[in-house]
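Report on one structure; see the data block that follows.
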Amino acid sequence: MSASAPVAKYLKDYRPAPFLIDRVDLEFDILDSHTSVRARMVVKRNPKADASDTLQLDGSAELVAVRLDGEALAPSAWTLADEVLTLPGVPESFILDIETRLEPAANTSLMGLYASNGNLYTQCEPEGFRKITYYLDRPDVMAKFSTTLIADRQRFPVLLSNGNKVGEGLTENRKRHWVKWVDPYRKPAYLFAVVAGKLSVLRDHYTTRGGRKVTLEIYVAPADMDKTAHAMSSLKKSMQWDEQVFGLEYDLDTYMIVAVGDFNMGAMENKGLNIFNTKFVLANRETATDFDFEGVEAVIAHEYFHNWTGNRVTCRDWFQLSLKEGLTVFRDQEFSADMQSRAVKRIEDARGLRALQFPEDAGPTAHPVRPESYIEMNNFYTLTVYEKGAEVVRMIHTLVGAAGFRQGMDLYFRRHDGQAVTCEDFVAAMADANHIDLTQFKRWYSQAGTPVLDVSLDWFAEGGAASLTVRQHCPDTPGQTDKLPFHIPLAVGLLAADGSELPVTLASDDAPGPLTRVLSVTEAEQTFTFVGLNEKPLPSLLRNFSAPVRLNYAYRDEELAFLCAHDSDAFNRWEAGQTLATRELLRLYRGEGEATLSACLIDAFAQLLDHADSDPAFAALALTLPAEVELLELQDHADPARLCQVREQARAELAQALAERWDAAWRRHSGLAFRHEDAGRRALKNLALSYLALLPGGDAGALASQQYQQADNMTDRMGALAALADSHSHARDTLFADFAQRFADEALVMDKWFTLQAGSRRQDVLRTVTALMEHPAFALTNPNKVRALIGAFGRNLAAFHAADGSGYRFMADQVLAIDAINPQVASRLVSCFNRRSRVEPARAELMRVELARVLAHDGLSRDVYEIVSKNLNA
Ligand code: B3K
Ligand code: ZN
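Here UniProt numbering is used: the first residue of the sequence shown is 1, the next is one more, and so on.
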């Protein structure tokens, strides 16, 4: 690390900006060697700020000139240090002209203005605008923007920015052209965007409920036009859904989406001009799996929904990120639930949260949904801010009901449209609209860590009553001990011995209660007594995953099997099977009892498989064993390789015990002509194939080859490839080679090919991954490629945690190499070391050594520094 360690910013230090920017007129002169940017800003002192504060603009671009009210400022009139331009003694209001010079082709960070495939794109959230010009680059400074782009007509026929196009023309020699855009809405600089290049466009229209005719445009590379229809239909569905569910309409005449192959994340909600990773735009059935189609629909919706939750009402400061992200994830989850199966969507979301966010919340970078400090804001676009943030919003929805939630949203927009606000403001709108007190509930925003609920039930036969005792506690997280109790909505049902549902009636009720009751748990220990029961009920707890907590209840195995078969709550049917499987896997791992799976689990799976066709998408989830990363969280001093081995052994046993059923399931769902709505059948069929591939001496190679050759869609082709990915066989080699040849020109498809090989259970994975880094389709500068190959290797627990430390060494080397290119991507990668404290001491030490080597590296980015130093200090 360089001489001084990077410093953190704190929420408690928030102060209003000393100056405000009313308007900014930008001119981008795009030339071969560089781009010149001229910014003219109308600046005035902020009446709400301290009058003695000086003007300090954020910026890291090459500064060419500064003019104040038209007068060029001598270099002695300003200072520039640590990416801050200080202008002392400015008037109360004035016009500031700043000229900068950018080199987009040399910008590998993919923040600010950068080049990809000869075209130019921007990414400004959170602090990228300062790489373009000098500005008050903070979300509570909201200005009206106009943007003029000037460029060569041949090389850059398409010139886009936010808002409405108000003019265009040719320059004098007619070789170059210009386009001017005006955005009528005030916005923070992080929502600014430009795109310049050679792109094709799919155009369509949507008329809002209020009668505004909106032109919808999706810009992609010309070769990708055949993959844009799904994104367009997803956009229209999103627009309609937001009108129906939240009464929210689009507010400009044009909505543009641009797809780019070099992009740090999924997509960006810039006002009127979304920029997307190609991964979340391009899809047709030859190149995209069902999962990809679902991802495109969800991300298109997410970015569209940001227009209200994020753009019209934005964040006061970056600590409030979940204000827009948690809320918008909640909205996209609800949209997806309405577009497909609500239960399946809920299971997928909860499973993702538990496998990925729970570990984050238990690790060295754990932070509250509203963090209190950061070194590099890019490190806080986390599962906690997004997914746990969405769970927090969902809990409010559960507490106030759908109608109450809508009233809260309406009040939120009435109060705050056009403002930059805080998470407190959102909760206040929900509380005020529903006349409830959410004071204790707000602890979800400030206390990190996953709460644990220990629940027990006492039965009183004489009185026909059962009392449920709930104890909550929350583990310590970095900087936070002794947490106060959370307000937890706990949805509960009661099952009779015949599987029927009993009303959940409290002593205070004067009529039988509902079949699912949401209890408000607010104390460290609390007892709820249910009455009017003729038999001891079996509780179904935390229905539909009503809160992001871990729940312990001493179910007997048979009770779990019973819930798995009979619970009316689909989430808890799935959950009961997962709990049973988790117990079995950990028992095998610890070497307790028989060295084989219990009959109880095998029977439960057999039953699920027998009833699978009524909801194959659900069955595919229920018949999938808990992920290795989930098991890792439940075992101290874990040997990750052994966890993987035990899970594989369990899969092999299930394959054998249910062989005929798997075979029948595969056959029942094979050979169908493609229909989108059969995604569940494909999921079940491909799961069956993956089990069949584990049968010793079976013909999975032949089945997979047959499926691969006959496939009329990518889901089936990938299913076949995935089933063989761990094997050493001729069939495997043939299919993998064919795939690479067939899809050599499809970047996103090649990513899948890289990922399958990096995630394989084969002993030679590291060698394969190292060799694949030389493959012509791979590039260390492209985030998708890095995530597909190196990121997938980091998620491969067996290979990453190889006992000799080779996986750790490889990863540390790649982190350092990539950090020099793109710090954001590097800091995501290095996070795979974050579960160091869970693994057994010998490996933990090998991990520490590699992290220390990374930290000692000269010129390390703030991004990687923050993650690694937190890890080593934990
Ligand atoms: N708001 C962007 C994320 C920006 C990430 C910056 N590292 C996309 C989204 O959440 O919709
Ligand atoms: Zn978002």
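Using N, Cα and C, we set each Cβ at its ideal position, and we do this for glycine too.
DSSP on C423, reduced to helix/strand/coil? helix
Use the C-beta contact count for W241: other C-beta atoms within 10 angstroms, 16 or more gives buried, fewer gives exposed. buried
Could you tell me if the beta carbon of G791 falls within a distance shorter than 7 Å of some heavy atom in ligand 4? Ligand 4 is absent from the structure shown, which contains only ligand 1 and ligand 2.
Which residues does DSSP list as the beta-bridge partners of I218? L202, I257
How about Y147 and L26: are their beta carbons less than 8 Å apart? Reading off the sequence shown, one finds Thr at residue 147, where the question assumed Tyr. Against a cut-off of 8 Å, the Cβ pair of L26 and T147 comes out as a contact.
Tell me the residue span of the alpha helix (DSSP H) that contains F305. 290 to 305
I need the straight-line Cα distance from R587 to G593, nearest angstrom please. 7 Å
Which residue from D603, C564, R543, A465 puts its Cα closest to that of E535? A465
Spatial distance of V786 from G404 (CA atoms): When rounded, the separation of the alpha-carbon atoms in V786 and G404 is 44 Å.
Cβ of V195 within 8 Å of Cβ of L160? yes
Kindly indicate which three-state DSSP category G532 falls into: helix, strand or coil? coil
Secondary structure at L829, three-state DSSP: helix, strand or coil? helix
Heavy atom of ligand 2 within 7 Å of E325 beta-carbon: yes
Using the Cβ count rule (16 or more neighbours within 10 Å means buried), how would you classify A143? buried
Outcome for H669 when other beta-carbon atoms lying within 10 angstroms are tallied against a minimum of 16: buried
Quick one: grab the DSSP three-state call for Q710. helix
How far does the alpha helix (DSSP H) with E653 in it reach, from first residue to last? 640 to 657
Can the beta-carbon of Q123 be found less than 8 Å from the beta-carbon of I30? no
Output the distance between the C-alpha atoms of K345 and K227, rounded to the nearest integer angstrom. 25 Å
From T755 to L453, what distance separates their C-alpha atoms? 37 Å
Give the straight-line distance between the Cα atoms of S705 and T516, rounded to the nearest whole angstrom. 47 Å
Where the alpha helix (DSSP H) through G169 begins and ends: First-last for G169: 164 to 170, but that is the beta strand (DSSP E), not the alpha helix (DSSP H).
Classify S4: buried if its beta carbon has 16 or more other beta carbons within 10 angstroms, exposed otherwise. exposed
Taking 8 Å as the threshold (C-beta atoms), are L235 and Y304 in contact? yes
A641 versus L695 - alpha carbon distance: 21 Å
Answer yes or no: do G680 and A720 have a C-beta to C-beta separation smaller than 8 Å? The answer is no: Cβ separation not under 8 Å.
Taking 8 Å as the cut-off, decide whether the C-beta atoms of R543 and F571 are in contact. In contact: R543 and F571 (Cβ atoms closer than 8 Å).
V646 to Y589, Cα distance in whole Å? 6 Å
Compute the Euclidean distance between the alpha carbons of T314 and K44, then round it to the nearest angstrom. 21 Å
Determine the direct distance from the alpha carbon of V749 to that of D224, and round the result to whole angstroms. 13 Å
Since L411 contacts D432 with CB under 8 Å, what's their CB separation in whole angstroms? That belief holds up - the Cβ atoms of L411 and D432 are roughly 6 Å apart, short of 8 Å.
For Q709, does the count of other Cβ atoms within 10 angstroms reach 16, so buried, or fall short, so exposed? If you draw a 10 Å sphere on the C-beta of Q709, you find fewer than 16 other C-beta atoms in it, and that means exposed.
Using the beta-carbon count (16 or more within 10 Å), is Q707 buried or exposed? buried
Counting only runs of 4+ residues fully inside the stretch 416 to 504, write out the alpha helix (DSSP H) ranges in chain order. 423 to 434, 443 to 446
Three CB pairs or more closer than 8 Å across the stretch 52 to 60 and the stretch 4 to 14: In this structure the stretch 52 to 60 does not touch the stretch 4 to 14; the number of beta carbon pairs closer than 8 Å is below three.
Just the Cα atoms here: how many angstroms apart are D13 and E424? 17 Å
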